[in-house]
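Participant: Going down the list, the protein sequences come from chains A and B. Going by the numbering used here, the residue at position 78 of the first sequence is 78; the numbering climbs one at a time, nothing skipped. Going by the numbering used here, the residue at position 161 of the second sequence is 392; the numbering climbs one at a time, nothing skipped. Can you keep this structure in mind? I'll have questions shortly.
Number of protein chains: 2
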Amino acid sequence: MSALVTILDDEPAIRQMLSDALAEAGFRTMSFGRATEFEAALRRTTPDVCLVDLGLPDRDGLTLVHRLALEQGATVIIISGRAQVQDRVTGLELGADDYIIKPFDPAEVVARIRARLRTRTRSAPSDTARFNGWTAHFDRYALEDETGEETTFSHAEGEVLRLFLESPKRLITRAHMQESLGGAAGESFDRAMDVRISRLRTKLREDPKNPRLIKTIYGAGYIFLGDVSWS
Amino acid sequence: MSALVTILDDEPAIRQMLSDALAEAGFRTMSFGRATEFEAALRRTTPDVCLVDLGLPDRDGLTLVHRLALEQGATVIIISGRAQVQDRVTGLELGADDYIIKPFDPAEVVARIRARLRTRTRSAPSDTARFNGWTAHFDRYALEDETGEETTFSHAEGEVLRLFLESPKRLITRAHMQESLGGAAGESFDRAMDVRISRLRTKLREDPKNPRLIKTIYGAGYIFLGDVSWS
DNA sequence: CCCAAATGTAACGAATTCCTACAGGGCGGC
DNA sequence: GCCGCCCTGTAGGAATTCGTTACATTTGGG
Numbered sequence: 001m002s003a004l005v006t007i008l009d010d011e012p013a014i015r016q017m018l019s020d021a022l023a024e025a026g027f028r029t030m031s032f033g034r035a036t037e038f039e040a041a042l043r044r045t046t047p048d049v050c051l052v053d054l055g056l057p058d059r060d061g062l063t064l065v066h067r068l069a070l071e072q073g074a075t076v077i078i079i080s081g082r083a084q085v086q087d088r089v090t091g092l093e094l095g096a097d098d099y100i101i102k103p104f105d106p107a108e109v110v111a112r113i114r115a116r117l118r119t120r121t122r123s124a125p126s127d128t129a130r131f132n133g134w135t136a137h138f139d140r141y142a143l144e145d146e147t148g149e150e151t152t153f154s155h156a157e158g159e160v161l162r163l164f165l166e167s168p169k170r171l172i173t174r175a176h177m178q179e180s181l182g183g184a185a186g187e188s189f190d191r192a193m194d195v196r197i198s199r200l201r202t203k204l205r206e207d208p209k210n211p212r213l214i215k216t217i218y219g220a221g222y223i224f225l226g227d228v229s230w231s
Numbered sequence: 232m233s234a235l236v237t238i239l240d241d242e243p244a245i246r247q248m249l250s251d252a253l254a255e256a257g258f259r260t261m262s263f264g265r266a267t268e269f270e271a272a273l274r275r276t277t278p279d280v281c282l283v284d285l286g287l288p289d290r291d292g293l294t295l296v297h298r299l300a301l302e303q304g305a306t307v308i309i310i311s312g313r314a315q316v317q318d319r320v321t322g323l324e325l326g327a328d329d330y331i332i333k334p335f336d337p338a339e340v341v342a343r344i345r346a347r348l349r350t351r352t353r354s355a356p357s358d359t360a361r362f363n364g365w366t367a368h369f370d371r372y373a374l375e376d377e378t379g380e381e382t383t384f385s386h387a388e389g390e391v392l393r394l395f396l397e398s399p400k401r402l403i404t405r406a407h408m409q410e411s412l413g414g415a416a417g418e419s420f421d422r423a424m425d426v427r428i429s430r431l432r433t434k435l436r437e438d439p440k441n442p443r444l445i446k447t448i449y450g451a452g453y454i455f456l457g458d459v460s461w462s
């Protein structure tokens, strides 16, 4: 599945240039001219990389970057006309993953996006994950208790569990789940997702009234809490 | 444990400048003037980040980067005097994580190294805030009593609480709230804000006649009193 | 003191999500 | 090929969230 890149810039010409270049490079794109529109979309889907222009009319760009990067754990690339070293340093310190100066060459933007996406896959070659007393063995579809007792999980359950374990403590939207798990969007497939998660919760012995590991965010998606370490 | 950063550059002055700046930033450093020395050291230790200059006398820099990044999985930042877009694109495509152009400011190098290191441990944003006996755990949507008892709060309530905790003892206007919380302005949305705050007050066990934490400023907005400390 | 505007809150309802069946389909055993 | 088991999506009702409405209460000006 191709990666989803969002573009947030108030100049239509730049949005167009970027979305053309990114589409040609094989990415899916979503463009926004204002921060409020962008934030509304964030509630529905989780982009892989966010391109953010700092000179926005309706919100302070740096605050937005900080919330995106540090609180939501998104991958953020700042695109800005402010070329001072100090601007770049503060942008990166606030959590941005990269800082590109206008005017830019679309080819470089594409290359830098690819560099960001590469790091994500580089750190998960493993098939066993530990979290909060549990151990998930993806190679043999088994979930191990803290006492060593094992239950098996199905393929569909494993897909959801892996998605959670790869992005712990980050919002995972329903749309992103469907994309990742190959679900044909729309329709009533999202109800199937409910059931998958419900079954996974049962296997993790979650208390329905007070789930500790898989938390529901009404209207947005889910968050997996729990300290994950792969090995 | 501080991160280990290696410096590979044939100019002693640049090596010195970098290692001084990195040491001051709290990194451990190792400097090399030639690729062969560097490769010998690689057999003994694994650096967290490798700074590599492309203009090396004894080896083609790009080949070295390619081997380091893609085959060995190291984190590589190219530092180069070659400023053409095409140079940057090929460097990044070959597996480099970043590309810094000479002449550079050491502060930016430090910021970019930190950005690379951050991606490795991005899984635990752990944002909690303490105020007047309460502890708000935003990661698991829980509000903790001074006795340790926990109540959960919803996503909408959390947005309001976060807004308050980010600007304590300062007037927060209704307009600012709506803007921050993605509310489509106008209409009767402001009553929704009232209700959110009302529900939040209930969870904070505020006395309606005499609120101690969330104070209403008639005709203006709200002020959150309370000594907030984030961690 | 009176009134209009602003704010608090309980109650309702739409939207969303959870969960318990139930049905279709794949796969292995016989 | 037939049977039964397990996996997985679908359906519908229960439960939760949260905005809206309606009405009570408070505030501040005259």
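Even glycine gets a Cβ: it sits at the ideal position worked out from N, Cα and C.
#1: With three or more C-beta pairs closer than 8 angstroms as the rule, is the segment 138 to 145 of chain A touching the segment 10 to 29 of chain A?
#2: Among residues of its own chain, excluding the 5 on either side of glutamate 339 of chain B, which ones have a beta-carbon nearer than 8 angstroms to its beta-carbon?
#3: For the beta strand (DSSP E) that contains phenylalanine 263 of chain B, what are its first and last residues?
#4: Could you tell me the boundaries of the beta strand (DSSP E) in which arginine 130 of chain A lies?
#5: Would you kindly report the start and end of the unbroken alpha helix (DSSP H) that includes serine 392 of chain B?
#6: Find the residues of chain A that neighbour serine 385 of chain B, judging by a C-beta separation of less than 7 angstroms, and give them in chain order.
#7: Going along the chain, which residues of the segment 323 to 346 of chain B sit with their C-beta nearer than 9 angstroms to a C-beta in chain A?
#8: Starting from valine 280 of chain A, find everything on chain B with Cβ-Cβ shorter than 7 angstroms and list it in chain order.
#9: Could you round the C-beta distance between valine 65 of chain A and isoleucine 78 of chain A to whole angstroms and report it? I think they count as a contact, below 8 angstroms.
#10: With distances taken between CB atoms, is the gap from alanine 115 of chain A to leucine 323 of chain B smaller than 8 angstroms?
#11: So that I know if they touch, is there some Cβ in chain A lying closer than 8 angstroms to that of valine 316 of chain B?
#12: If the cut-off is 7 angstroms on Cβ atoms, which residues from the segment 361 to 377 of chain B count as contacting chain A, listed in chain order?
#13: Any idea what DSSP makes of aspartate 336 of chain B, helix, strand or coil?
#14: Can you tell me which residues form a DSSP beta bridge with serine 80 of chain A?
#15: Who does leucine 235 of chain B pair with in a DSSP beta bridge?
#16: Might you give, ordered along the chain, the residues of its own chain that have their beta carbon closer than 7 angstroms to the beta carbon of aspartate 48 of chain A, omitting 5 neighbours on each side?
#17: Checking 8 angstroms against the spacing of the C-beta atoms, do leucine 165 of chain A and alanine 129 of chain A come in under that value?
#18: Look up leucine 435 of chain B in the DSSP assignment and say whether it is helix, strand or coil.
#19: From the DSSP output, read off the bridge partner residues of lysine 446 of chain B.
#20: Looking at cysteine 281 of chain B and leucine 325 of chain B, is the spacing between their C-beta atoms short of 8 angstroms?
#21: Any C-beta of chain B sitting closer than 8 angstroms to the C-beta of lysine 203 of chain A?
#22: Pull up the distance between the alpha-carbon of arginine 313 of chain B and that of lysine 333 of chain B, whole angstroms please.
#23: Taking arginine 343 of chain B as the reference, give the member of B/Leu253, B/Pro439 and B/Thr447 with the closest Cα.
#24: Kindly give me the distance between the Cβ atoms of leucine 285 of chain B and serine 311 of chain B, rounded to whole angstroms, as I take these residues to be in contact under 8 angstroms.
#25: Taking any Cβ of chain B, which residues in the segment 4 to 30 of chain A have a Cβ under 8 angstroms from it, in chain order?
#26: In whole angstroms, give me the CA-to-CA distance for threonine 216 of chain A and tyrosine 222 of chain A.
#27: Closest to phenylalanine 455 of chain B by C-alpha separation, out of B/Ile403, B/Gln315 and B/Gly292, would be which residue?
#28: Applying the criterion that 16 or more other CB atoms from any shown protein chain within 10 Å of the CB defines a buried residue, is valine 195 of chain A buried or exposed?
#29: Just to confirm, is the Cβ distance from phenylalanine 153 of chain A to leucine 163 of chain A under 8 angstroms?
#30: Could you pull out every residue in the same chain whose Cβ sits closer than 7 angstroms to the Cβ of glycine 364 of chain B, ignoring the five residues on either side in sequence?
#31: CA-CA distance, arginine 275 of chain B and arginine 430 of chain B?
#32: Nearest-angstrom Cα distance between arginine 191 of chain A and leucine 181 of chain A?
#33: At the 8 angstroms Cβ level, is leucine 225 of chain A part of the contact set with chain B, yes or no?
#34: Output needed for alanine 256 of chain B: all residues of its chain with C-beta closer than 6 angstroms, excluding positions within five of it in sequence on either side, in chain order.
Facilitator: According to the structure data:
#1: no
#2: Correct list, in chain order: Ile331.
#3: For phenylalanine 263 of chain B, the enclosing beta strand (DSSP E) has its first and last residue at 259 to 263.
#4: In this chain, the beta strand (DSSP E) harbouring arginine 130 of chain A covers 128 to 131.
#5: The residue asked about is misnamed: residue 392 of chain B is leucine in this sequence, not serine. Unbroken alpha helix (DSSP H) run through leucine 392 of chain B: 386 to 397.
#6: Result: Tyr218.
#7: Leu323, Glu324, Gly326, Ala327, Asp328, Asp329, Tyr330, Phe335, Asp336, Ala338, Glu339, Val341, Ala342, Arg343, Arg345 and Ala346
#8: Because chain A is modelled from 1 through 231, residue 280 of chain A falls outside the range shown and cannot be assessed.
#9: 6 angstroms
#10: yes
#11: Among the residues facing chain A, valine 316 of chain B is included, as its CB has a counterpart in that chain under 8 angstroms away.
#12: Asp370, Arg371 and Tyr372
#13: Three-state result, aspartate 336 of chain B: coil.
#14: A/Ile101
#15: Per DSSP, B/Arg259.
#16: Ala3, Leu4, Val5, Thr75 and Leu117
#17: yes
#18: coil
#19: Lysine 446 of chain B is bridged to B/Ile454.
#20: Against a cut-off of 8 angstroms, the Cβ pair of cysteine 281 of chain B and leucine 325 of chain B comes out as no contact.
#21: no
#22: 8 angstroms
#23: Taking arginine 343 of chain B as reference, the option from B/Leu253, B/Pro439 and B/Thr447 with the minimal CA-CA separation is B/Leu253.
#24: 4 angstroms
#25: none
#26: 5 angstroms
#27: Cα-wise, what sits closest to phenylalanine 455 of chain B is B/Ile403.
#28: exposed
#29: no
#30: Glu377
#31: 59 angstroms
#32: 14 angstroms
#33: yes
#34: Val341
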